[in-house]
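Residue numbering for the sequence shown follows my numbering, starting at 1 and increasing by one per position.
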Amino acid sequence: MKRALTLAACIGIMAAATTSAAYAQATRTWVSGVGDDVNPCSRTAPCKTFAGAISKTAAGGEINCIDPGGFGAVTIVKSITIDCNGVLGGVLYAGAASGVNVNGTNIVVTLRNLSLNGSGTGQVAVRFTNGKQLNLENVVISQASQTGVLVSAMAGLGGVVIKNSTISNSVDGIRAAWGITTVSNSVISGNSGFGLIAENVGVINADSNLLTNNAVALQAGNGGAGQAGATVRISNNDVYGNLNGFICAGGVLASDGNNRKGNNTGGPGTPCAPNSAITKQ
């Protein structure tokens, strides 16, 4: 009897170990348009959504896309890379507060080769609520009912780097209230509000971008109190065909003097010329 109990206990321990191993978080996981979130998110048994995959991906790991698909909105609370290189990896977040919400202490998140579509009712495509660093590379954002990329006003929030991306047909393109946001080699177009706006103590460094067909291409400050720290620094940008090219609303708009502008027709707000030289800080 004692021997039988011992054998049963051993079998139970082995089964528990096997189960734990089966659900161990992987460094790399996969999603597919025909996947299932009950799967382990391996290459041969992929998950269906980013939310399903992230729970099975180790901190600092990476989620890749096997084939085209819409992989759903996701909240990210740990360091992770989501990369859909070579396929159309989409997030359709119609009616939702966020397509991607980055919200974890001291985390580093990279979003690469993604399309985020709010369909006119999704509020914010990428919301940076908390974290150390957010990177967007080759990301296409459209039809956000509020903002394409929102950098929250949270003390200690880290930096944002956006490159080779397109943010269009939303209300605001990029809105930064804290930290330093760097935007380069990107297109900001067709937004009914701001293309880029720095407010509160947010800083935006904009280099080698095209800003066109926005109500306001670039604005420093939101017109309220306490906007002296809001700074937009611009270098080598093309600013054409906006209702307003540049607006100063309590902040600082500084230029290296090598930007190009034209056909910005004027409108509501207080248009201003950028400072002739950038102030190093």
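Backbone N, C-alpha and C fix where the C-beta goes; we use that ideal spot for every residue, glycine too.
In the DSSP assignment, PHE246 falls outside any alpha helix (DSSP H) and lies within the beta strand (DSSP E) extending over 244-248. Beta-bridge analysis with DSSP links THR121 to no other residue.
Assigned with DSSP and collapsed to three states, ILE107 falls in coil, not helix or strand. Shortest Cα-Cα distance from GLY158 to any of ILE107, THR265, ILE167 and LEU111 involves ILE107. Its chain contains THR166 and LEU210 as the residues whose beta carbon lies nearer than 6 Å to that of VAL187, once the 5 sequence neighbours on both sides are disregarded; these appear in chain order.
For ILE54, there is no enclosing beta strand (DSSP E); the residue is part of the alpha helix (DSSP H) that begins and ends at 50-54.
Taking all protein chains shown into account, SER42 has fewer than 16 neighbouring C-beta atoms within 10 Å of its C-beta and is therefore exposed.
Cβ-Cβ separation between THR231 and ALA220: approximately 6 Å, consistent with a contact (criterion under 8 Å). In terms of Cα proximity to ASN169, the closest of GLY257, LEU116, PRO271 and TRP30 is LEU116.
A distance below 7 Å separates the beta carbons of ILE76 and VAL109. Note: GLY159 is bridge-paired with GLN133 in the DSSP secondary-structure output.
Out of ILE80, ILE162 and THR29, the CA that lies nearest to the CA of THR105 is found in ILE80. Between VAL140 and the set VAL100, PHE246, THR129 and SER235, the nearest pair of CA atoms involves VAL100.
Note that the C-beta distance between THR121 and GLY95 is below 7 Å. Burial is judged here by how many other beta carbons sit within 10 angstroms of a residue's own beta carbon; THR49 has at least 16 and is buried. Look at PHE71 here: in three-state DSSP terms it is coil, with no helix or strand label. In the three-state reduction of the DSSP assignment, ARG43 falls in the coil class, being assigned neither a helical nor a strand state.
Assignment of ASN169 by DSSP, reduced to helix, strand and coil, places it in the coil class. Closest option to GLY69, judged by alpha-carbon separation, among ASP36, PRO40 and SER55: ASP36. Contact between LEU218 and GLY202 fails: their C-beta atoms lie close to 13 Å from each other, not under 8 Å. Between the C-alpha atoms of THR27 and GLY223 there is a straight-line separation of about 46 Å.
Closest in C-alpha terms to ASN135, from the list GLY245, THR129, VAL161 and GLY262, comes VAL161. In this structure, the beta-carbon distance from GLY33 to ASP67 falls below 7 Å. Inter-residue distance for ASN236 and ASN205 is about 11 Å (C-alpha atoms, whole angstroms).
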